[in-house]
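Just below is one structure, and these are the notes that go with it.
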Amino acid sequence: LKPFSLKRVPWNTGFAMAHRLRSRNARNVVVQQARSAEQMLETLHGILYEDVGAGVHHVAAAEKTWSESDMTKRIVRYIVKAASASDLLNLPWQEAVTKFVQSAMGSFSASCQEKPWFYDLELSDVFGRASCELLTSNKTRPRPDLDSVMELAEMEYQSYLDQILHNKAMWISVEQSFVDAKVRQKVFTALQKSYQVALDMAIQDTRPLGELAKLEGFMKKWMEDALTRSWNAVNDESERLLT
Numbered sequence: 432l433k434p435f436s437l438k439r440v441p442w443n444t445g446f447a448m449a450h451r452l453r454s455r456n457a458r459n460v461v462v463q464q465a466r467s468a469e470q471m472l473e474t475l476h477g478i479l480y481e482d483v484g485a486g487v488h489h490v491a492a493a494e495k496t497w498s499e500s501d502m503t504k505r506i507v508r509y510i511v512k513a514a515s516a517s518d519l520l521n522l523p524w525q526e527a528v529t530k531f532v533q534s535a536m537g538s539f540s541a542s543c544q545e546k547p548w549f550y551d552l553e554l555s556d557v558f559g560r561a562s563c564e565l566l567t568s569n570k571t572r573p574r575p576d577l578d579s580v581m582e583l584a585e586m587e588y589q590s591y592l593d594q595i596l597h598n599k600a601m602w603i604s605v606e607q608s609f610v611d612a613k614v615r616q617k618v619f620t621a622l623q624k625s626y627q628v629a630l631d632m633a634i635q636d637t638r639p640l641g642e643l644a645k646l647e648g649f650m651k652k653w654m655e656d657a658l659t660r661s662w663n664a665v666n667d668e669s670e671r672l673l674t
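For the sequence shown, this note's numbering assigns the number 432 to the initial residue and increments by one for each residue that follows.
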């Protein structure tokens, strides 16, 4: 593997180079430690303004309150703040990238997920490239290759969006089924907490089952656990509300 640092090229050509490298053999390109945290953040800030701004331009017409410039500034601020966490410098690269993306997406989604353009703004490449830049100040070894970093960052980004959509779908279902706000929150919490348990069980099941059988097992486990939690949560009203 040959050393590589995004510092060696201007970012406006660096993005294009990154795509060319991925299309050839990006697993032969290592993201090296090349700069201090302060230098990384300064470079990242400029990178994000250019790339986030380009993405925002395509969805800005759907925003009725913020200007295009305000949208870009806000999104850049969420990502830069996440990259500023000092512990990212010393975490193994997979953990650093995962924590960075989840933290940035947490702030971004909390502020913007109800915006009409939220799901139309494509940021997977932004997080991939930002993660490569982030790791130029990470001090750990072994060093990752460019393609692996971008793949992980994009996967975490898409996974976070999937989680938001899943939670939204659950909340809409609960909202349509129950009137009382406290009951809604309790049932929603029960659905959330039981989902991952049921999913982990289905994934870890080593029996030679078909996909449909695994799906049925997951759904049965999730429904049973969610209903049990909901029943216990609403106490005396459980029979009236859940039957």
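Using N, Cα and C, we set each Cβ at its ideal position, and we do this for glycine too.
For residue i, the first and last residue of its enclosing beta strand (DSSP E)
i	result
N618	Note on residue identity: the sequence assigns Val, not Asn, to residue 618. Unbroken run through V618 is the alpha helix (DSSP H), A612 to Q635; no beta strand (DSSP E).
Coarse secondary structure for residue i, derived from DSSP in three states
i	result
V532	helix
D576	strand
V462	strand
Y480	helix
R660	helix
Y550	coil
H597	helix
G648	helix
V490	coil
E582	helix
T474	helix
E469	helix
F609	coil
E526	helix
N569	coil
L520	helix
Q589	helix
E655	helix
L640	coil
Where the alpha helix (DSSP H) containing residue i begins and where it ends
i	result
V511	E499 to A514
S562	S555 to L565
Classification of residue i by the beta-carbon crowding that lies within 10 angstroms, buried from 16 upward
i	result
I478	buried
N569	buried
M581	buried
Y626	buried
D551	exposed
K617	buried
K652	buried
I634	exposed
G486	buried
V483	buried
V560	The sequence given here has Arg at residue 560, not Val. Classification for R560: buried.
E481	exposed
P639	exposed
D593	exposed
S467	exposed
I603	exposed
S454	Caution applies to S454, whose pLDDT of 46 falls short of 50 and renders its modelled position unreliable; the model cannot decide the point.
L643	exposed
L646	exposed
S608	exposed
T659	exposed
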